[in-house]
Structures are given as structure tokens and as C-alpha cells.
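First residue of the sequence shown? That's 40 in our numbering, and the numbers climb one at a time after it. Shown next, in C-alpha cells, is the structure this report addresses.
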Amino acid sequence: MPSLAPCAVNRIATDAFPASQRLDQWEAYNASFLVGLRCSSYADEGLNARQSNMRLGQLALADIDGNAHVIERTPQLVRQHPKESVFVSLVLSSGAFFYQEHSCIHLAPGDLVIYDTRHAYLFGFTHQMHQFLVDTPADWFYRNCSRAQLPGPICVSGATGSGRVLNHAFQKLVGNAMAHPEGVDQDRMQFEACDLLRTMLAGEAADSSALRASHLLAARAHIDQHLHRHSLDASEVASASGVSLRHLNRLLQAEGHSVTELILVRRLERAAMELRQTALNRYSIAEIAYRCGFASQAHFARRFRSHHGMTPTQMRAQHGQLRAMT
40 MPSLAPCAVN RIATDAFPAS QRLDQWEAYN ASFLVGLRCS SYADEGLNAR
90 QSNMRLGQLA LADIDGNAHV IERTPQLVRQ HPKESVFVSL VLSSGAFFYQ
140 EHSCIHLAPG DLVIYDTRHA YLFGFTHQMH QFLVDTPADW FYRNCSRAQL
190 PGPICVSGAT GSGRVLNHAF QKLVGNAMAH PEGVDQDRMQ FEACDLLRTM
240 LAGEAADSSA LRASHLLAAR AHIDQHLHRH SLDASEVASA SGVSLRHLNR
290 LLQAEGHSVT ELILVRRLER AAMELRQTAL NRYSIAEIAY RCGFASQAHF
340 ARRFRSHHGM TPTQMRAQHG QLRAMT
């Protein structure tokens, strides 16, 4: 069952303040709801910007639009306002430039950049801009999306190939959540965001065709939507993806899975995510197994331990201990 809950949305619009106060108000708001930063605007009318922020479980979303401006997170601000996060920022309009750790990236509309807020950076927008941003806790990101520390900012181009497909899927995921905060499935949102980030970082955005990415995204989306059904099988997933089962198995060879194995992996990953969520502690291990499509608790426990290296009970207990230490 999806965990639907209304999500509070915080907002700021700088046109509610005199021009002389806008930068200070913008910086104070961001320090509270996003990240400590310094903002500069060279427009005659001053900064004219709006921002909406919403929290969904582990993730926080931001929808930002405004005129041309530059934001800077200096080493001093990193110390004054520590932020243990990895940001994923999708540029929807305006040319932009991003500088961090000796890397300068030029971004066009549709491009996405992934960066660690524990290191100083500068982000500038040259024209009227619009941006979706997802704030992921660093420990969550490096546990679920990337086992290696980011070597610097990572750019996923939205111009061609599967980057276009993946970035569009990211835009749709965040846009739908921001447009309908009254009933977001937080579990599914986190699961899909994690999967998209893993796919981007695995190199599919650079090395795969748009058509292949589309079929694989469709397959994963269908599995995620229906994995609670015990009857879900490989033929159904292939049909929903618009290709034959043989062809879908061939597409998945690069990831080391068959379709049947992918269904199992997605169920095990969903189960792990649910076991780590305090809000779902009311469900027993058997109920978590059933929610994720396993008819047998013994089969679930065996497969879970083989995949994750610990039992479901151990994972739930370990996460509870980590929360108690923070």
C-alpha cells in the first residue's frame, strides 16, 4: 500500500519585499530551508525570484525560478552553515554555469548537475531561470545511489541519448510531486529518485541510446508500480515495456539481470527501503514481505540475506541504532 500523506510546502517570493531587502531575505530563507549561500543580482530591479520547498521523507524538493543571478557557497559558508547533502539540480530554462573543485561546467536547459554541498561552489544563471532541485542526505545518497564519493560535480547532458530520457523522467517525477503535494507517495518517490540517480551515475546517460533507456525505464516503472502483486511476471513486464521478453532480457544483459531477476531485485530493494523507514515499523517483517510481493516469509528472508548480507530483522535493528545515534 502506498504511503500517501499531505506535504507542507514553504514558499518565498522576493517581490513581497523592498528591493534593498530582497537579497538578505532570500539568503535567510535558503539558510533555513535549503542551504547557506550568498546571492548576487546585477539586474536593475534587483533579485526577482520565487522558491517552493517540500520535504518527502529523506528527500527535500525545491522549485526555483527568477531573473539572472549568481549564488555562491563559499568555504566560510560551508563552515558556518554545514550541510551534509548531495544536490541534484535540473536546469529547466536559462543558460547556467557551475564551478566546484576546479571544474567549470556550462549547462543548457535540460541539463542536470549532481554535486556535494560539503564543498564550496558557485552557480550562476545568465537569463530568466527555472530549476528543480532535489536535496538528498549525503549518507542516504552514498548508501543507496553511489558507493563511491563524487570526484567533483557530475553533469548529465539532456541534449541527446539516454540523458534526455532520464532527465525528462527526473523532471516529471519532481514536477508531479511539487504540483500535487496533497497526496504524494513518499516511498515510491524516494525509490524512483534513487533508481534514476543510480542509472545516471552508472554511465547509462553517456553510453546508452535513448530507445534502450526508454524501454528500461518503462520496465522498472511497471515493476515498481505492481511489485506488490504476487502474479507479476517477466512476460507482463515485457509487454508493458513495448518489447518482446527476449529483447528485454537482451537489454538487461549489460546490468547482469534477466527480467525475472530484476523483479526480484526491485522487490528486495523496496523491502530494504521500507525496513529502514521508522514510519513503517508498525508492519511486521512478514507484512513487509507481503507488501513487496513475497508470498513466503521464509523465501523472502533467504533471498533478502543473500542480496543484502543481513537478515530483514538485522537491517531494521541496524537502522534503528543509527537513528538513535543521530
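Cβ coordinates follow ideal geometry from the N, Cα and C atoms, glycine included. The structure presented is a predicted model; accordingly, all values stated were derived computationally and were not measured.
Pair within 9 Å by beta-carbon distance, residue i and residue j
i: His166; j: Gly134; result: yes
i: Glu313; j: Asp226; result: yes
i: Phe126; j: Leu172; result: yes
i: Cys46; j: Val298; result: no
i: Phe343; j: Ala311; result: yes
i: His286; j: Ala273; result: no
i: Leu36; j: Ala99; result: The requested residue 36 does not occur in the structure, where the chain is confined to residues 40 to 365.
Proximity winner among the options, relative to residue i (alpha-carbon distances)
i: Pro176; options: His219, Gly197, Ala232 and Val223; result: Ala232
i: Asp234; options: Gln64, Ala218, Leu290 and Ala252; result: Ala252
i: Ala325; options: Ala216, Gln336 and Leu319; result: Gln336
i: Asn206; options: Thr113, His347, Ala67 and Pro148; result: Pro148
i: Ser280; options: Asn288, Ser297, Leu255 and Leu271; result: Leu255
i: Phe230; options: Ser270, Pro220, Gly197 and Cys184; result: Cys184
i: Ser142; options: Glu123, Ser128 and Phe162; result: Phe162
i: Gly197; options: Val48, Ala187 and Gln210; result: Gln210
i: Arg50; options: Gln115, Asn69, His219 and Arg306; result: Asn69
i: Pro120; options: Ala58, Thr156 and Leu212; result: At residue 120 the sequence reads His, which differs from the Pro that was named. Closest by alpha carbon: Thr156.
i: Leu62; options: Gln316, Cys46 and Glu84; result: Glu84
i: Tyr400; options: Gly75, Met239, Met217 and Gln97; result: The question about residue 400 has no answer here: the residues shown for the chain are numbered 40 through 365.
i: Leu116; options: Ala356, Cys78 and Phe56; result: Cys78
i: Gln316; options: His346, Ala216, Met354 and Glu294; result: Met354
i: Ala187; options: Pro114, Thr113 and Leu240; result: Leu240
Simplified DSSP state of residue i, which is helix, strand or coil
i: Leu284; result: helix
i: Val304; result: helix
i: Pro351; result: helix
i: Pro176; result: strand
i: Ala245; result: Its pLDDT being 40, under 50, Ala245 is placed unreliably by the model, and nothing is read from it.
i: Gly105; result: strand
i: Arg77; result: strand
i: Ser171; result: It is worth fixing the name first, because residue 171 is Phe in this sequence and not Ser. Looking at Phe171 - three-state DSSP - the assignment turns out to be strand.
i: Cys331; result: coil
Any C-beta of chain C under 9 Å from that of residue i
i: Asn288; result: No chain C is part of this structure, which consists of one protein chain only.
Buried or exposed by the 16-neighbour rule on C-beta atoms within 10 Å, applied to residue i
i: Gly332; result: buried
i: Glu308; result: buried
i: Ala208; result: buried
i: Asp174; result: buried
i: Asp54; result: exposed
i: Pro351; result: buried
i: Gln139; result: buried
i: Ser80; result: buried
Near the ligand SAM: residue i beta-carbon under 8 Å from a heavy atom
i: Ser297; result: Absence of the ligand SAM is noted for the structure shown, with no ligands found whatsoever.
- Would you call the segment 119-134 and the segment 260-276 in contact, with 3 or more CB pairs under 8 Å? no
- Could you tell me whether the segment 290-307 touches the segment 262-274, where touching means 3 or more Cβ pairs closer than 8 Å? yes
- Specify whether the segment 104-120 and the segment 83-90 touch according to this definition: at least 3 beta carbon pairs, one from each stretch, less than 8 Å apart. yes
- With a cut-off of 8 Å, do at least 3 Cβ pairs link the segment 144-158 to the segment 188-205? yes
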